[in-house]
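Engineer:
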Amino acid sequence: MKLLFAFALQALLFSAVAQASFIRRRPHDSILHRRNDDEGLLGHIHDDVSSLWNGLAGSHSDSSSSSASDSSSEGRVAHTNSSHDSSLVDWLNGVLGGIWHGDGNHGFYKTNPSSGRLLANKPKLGLAWPNGGSMNITHFMTKKVSWFYSWDATPGFSPVPENITFCPMLWGQNKISHFKKHVLGNINSANNAGKCVLGMNEVNQQNQAKMSEGEACSMMRENIMPLKAHDFYVVSPVTTNAPSGMKWMKNFRKQCSDVWNTVDAVAVHYYGTNTTEFKQYVSEWHDTFNKPVWVTEYACQDFNGGEQCSDSEVYSFHMEMAVWFDKQNFVEAYAPFGVMQNLQGVNKANSLQEGREPNFMYNSISSVP
């Protein structure tokens, strides 16, 4: 049964890839039109695969199978559909985009709870976008993408498309004047229409925005807290996933409760090779700080001298985590690393582009045929 299903799925996906390759060679306006076509290839594939799987799953449930008692050793990267057949349906639905509510550009993926969320009733996937105007962001904008950031106070290009939220970042000490000019001193600019702001970048890490908890309190109090009076949604400073990160954030919360009380969501970064540990890490941050979680950088990457993920492990890592993020109510947003030409020492298999266009892994994550 699984062999038959795998063969059928491979045929459907091969058709999708072929069609996607053709679509990417069309003029840009045709690309956008195709991606907004709710009755297009993606919808047909979703229906075909769902029907196929449901039929096969039904017949499978009435038959005996030796695979039910099979066990396999745990790999470095856990696979979404390795434990229970039923999870394959969820995996496919996640890969193929879930359920779209509405028509064209006027609907939404109902993936976020509506209470107090910046992205209420919107998809969670975002773009970590350092590319400025060197790449066309609209080529990466799908119905599953609702926001982006640039590690800076400005997006690096103009104008920002209306149907995506830009979140400026106060990167660190050396970016304060830039942030004050473009965000704090220009609150009503088009770039700030999304009313979202991210705190400092990797505050526990040398060569990033390393600073003490007290310094962070002062920086947030002076530059971020005033934005709350203008209804900005505040995401915390972010640490690396080194053990010092959690300790830093606990101390930050303790040292300036006035600042902490203005934080709407907590940000995390994660670089590792095991999805089980990644899920536990994200869950621990939510349990510890009791705020929605924004995962603003992550990749299948070992920075501790261990073996790096293979291409297939990277793909499985990203697909599994995207599906898991969409299922967790406490995860409000996630942005994989990365959609960029220079991955800055991260395993190149994590790249989400080919040239200046989305690659197969990005199309899979964002459900673009």
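Count the sequence shown with mature numbering (1 follows the signal peptide of the UniProt record, and there is no 0) and you get residues -20 to -1, 1 to 349, in order. Cβ coordinates follow ideal geometry from the N, Cα and C atoms, glycine included.
#1: Rounded to whole angstroms, what's the CA-CA distance from Gly179 to Gly335? Just pull it up for me.
#2: Taking all protein chains shown into account, decide if Leu210 is buried (16 or more other Cβ within 10 angstroms of its Cβ) or exposed.
#3: With C-beta atoms as the reference, is Gly96 less than 7 Å away from Gly112?
#4: Tell me Gln333's beta-bridge partners as DSSP assigns them.
#5: Do you know how far the Cα of Val311 is from the Cα of residue 414?
#6: What would DSSP say about Leu207, mapped onto helix, strand or coil?
#7: For Trp151 and Asn187, I'd like the C-alpha separation in whole angstroms.
#8: Residues in the same chain with beta-carbon distance under 8 Å from Met191, minus the five sequence neighbours each way, listed in chain order, please.
#9: Can you tell me whether DSSP reads residue 435 as helix, strand or coil?
#10: Does the count of Cβ pairs from the region 236 to 245 and the region 283 to 295 closer than 8 Å reach three?
#11: Rounded to whole angstroms, what is the Cα-Cα separation between Glu195 and Lys230?
#12: Which class does Met149 belong to by DSSP, given the choice of helix, strand or coil?
#13: Could you tell me which whole beta strand (DSSP E) segments of length 3 or greater appear in the region 262 to 319?
#14: Going by DSSP, what residues sit across from Ala245 in a beta bridge?
#15: Among all the DSSP beta bridges, which residues are the ones paired with residue 358?
#16: I'd like to confirm the pairing. Which residues does DSSP put opposite Val125 in its beta bridges?
#17: How many Å lie between Met320 and Trp240 at the Cα?
#18: Could you say which of Gln185, Thr145 and Met205 lies nearest to Cys176 if we only look at CA atoms?
#19: Label Gly165 either buried or exposed according to how many other C-beta atoms from any shown protein chain fall within 10 Å of its C-beta, with 16 as the threshold for buried.
#20: Taking the C-alpha atoms as reference points, what is the distance between Ser292 and Ala315?
#21: Of the residues Trp304, Gly325, Ser114 and Val273, which one's Cα is nearest the Cα of Thr256?
#22: Pro206: which of Ile167, Asn343, Ala222 and Cys236 sits nearest, CA to CA?
#23: Taking DSSP as the reference, what is the three-state secondary structure of Gly252?
#24: Leaving out five residues before and five after Gly174 in sequence, what residues of the same chain have Cβ atoms less than 6 Å from its Cβ?
#25: Kindly list the residues whose CB is nearer than 8 Å to the CB of Tyr342, restricted to its own chain and excluding five residues on each side of it in sequence; keep chain order.
#26: Rounded to the nearest angstrom, what separates Gln235 and His162 at their Cα positions?
#27: Give me the residue from Ser169, Asn270, Ala313 and Lys155 with the minimum Cα distance to Arg233.
#28: Report yes or no: is there a C-beta of chain C within less than 7 Å of the C-beta of Val215?
#29: Tell me whether Pro223 is buried or exposed, calling it buried when 16 or more other Cβ atoms sit within 10 Å of its Cβ.
#30: To which residues of the same chain is Ala133 closer than 6 Å at the C-beta, ignoring the five residues directly before and after it?
Structural biologist: In terms of the structure at hand:
#1: Residue numbering aside, residue 179 sits at position 199 when the sequence shown is read from its first letter. Residue numbering aside, residue 335 sits at position 355 when the sequence shown is read from its first letter. Approximately 31 Å, taken between the alpha carbons.
#2: Working through the sequence shown from its first residue, we reach residue 210 at position 230. Before going on, a small fix: residue 210 reads as His here, not Leu. Exposed, since its Cβ has fewer than 16 Cβ neighbours within 10 Å.
#3: Your numbering for residue 96 matches position 116 in the sequence shown. Your numbering for residue 112 matches position 132 in the sequence shown. Contact flag unset, no.
#4: As a first step, residue 333 must be located in the sequence shown, where it is residue number 353. Note: Gln333 sits in a beta bridge opposite Pro338.
#5: Examination of residue 414 is not possible in this model, given that the chain is present from -20 through 349 alone.
#6: By 1-based counting over the sequence shown, the position of residue 207 is 227. The DSSP-derived three-state label of Leu207 is helix.
#7: Stepping through the sequence shown from its first residue, residue 151 is reached at position 171. Stepping through the sequence shown from its first residue, residue 187 is reached at position 207. Between Trp151 and Asn187, the C-alpha separation is close to 12 Å.
#8: Mapped onto the sequence shown, residue 191 falls at position 211. The answer, listed in chain order, is Gly152, Gln153, Met180, Val183 and Met199.
#9: For residue 435 there is no data in the structure shown, the boundaries of the chain being -20 and 349.
#10: no
#11: Locating residue 195 in the sequence shown gives position 215, counting from the first residue. Locating residue 230 in the sequence shown gives position 250, counting from the first residue. For Glu195 and Lys230, the distance between alpha carbons rounds to 15 Å.
#12: For the purposes of this step, residue 149 is identified with residue 169 of the sequence shown, where counting begins at 1. Of the three classes helix, strand and coil, the one that applies to Met149 here is strand, per DSSP.
#13: 273 to 280 and 311 to 314
#14: Numbered from 1 along the sequence shown, position 265 holds the residue referred to as residue 245. Paired residue(s): Val215.
#15: As displayed, the chain neither begins before -20 nor continues past 349, which places residue 358 out of reach and without an answer.
#16: Within the sequence shown, the letter at position 145 stands for residue 125. Its beta-bridge partners are Leu105.
#17: By one-based count along the sequence shown, residue 320 stands at place 340. By one-based count along the sequence shown, residue 240 stands at place 260. Within the model, the alpha-carbon separation for Met320 versus Trp240 is close to 32 Å.
#18: The residue labelled residue 176 in the question sits at position 196 within the sequence shown. Closest option to Cys176, Cα to Cα, is Thr145.
#19: Taking the sequence shown and counting its residues from 1, one reaches residue 165 at position 185. Exposed: under 16 other Cβ atoms inside 10 Å.
#20: Position 312 of the sequence shown, counting from 1, holds the residue named residue 292. Position 335 of the sequence shown, counting from 1, holds the residue named residue 315. Between Ser292 and Ala315, the C-alpha separation is close to 20 Å.
#21: By 1-based counting over the sequence shown, the position of residue 256 is 276. Cα-wise, what sits closest to Thr256 is Trp304.
#22: For the purposes of this step, residue 206 is taken as the residue at position 226 of the sequence shown. The candidate whose alpha carbon is nearest that of Pro206 is Ile167.
#23: Taking the first residue of the sequence shown as position 1, residue 252 is located at position 272. Here Gly252 sits in strand by DSSP.
#24: The residue you call residue 174 lines up with position 194 of the sequence shown. The answer, listed in chain order, is Thr145 and Phe146.
#25: Counting from 1 along the sequence shown, the entry for residue 342 is found at position 362. Closer than 8 Å at Cβ, skipping near neighbours: Phe120, Val319, Leu332, Gln333 and Val348.
#26: Translated into positions along the sequence shown, residue 235 becomes position 255. Translated into positions along the sequence shown, residue 162 becomes position 182. Between Gln235 and His162, the C-alpha separation is close to 28 Å.
#27: Taking the sequence shown and counting its residues from 1, the one referred to as residue 233 is at position 253. Selected option, being the one with the closest Cα: Asn270.
#28: Here there is only one protein chain, and chain C is not present.
#29: On the sequence shown, residue 223 is found 243 positions in, with the first residue counted as 1. The residue is exposed, with fewer than 16 neighbouring Cβ atoms inside 10 Å.
#30: Translated into the one-based positions of the sequence shown, residue 133 becomes position 153. Answer for Ala133: Pro148, His158, Phe159, His162 and Val163, listed in chain order.
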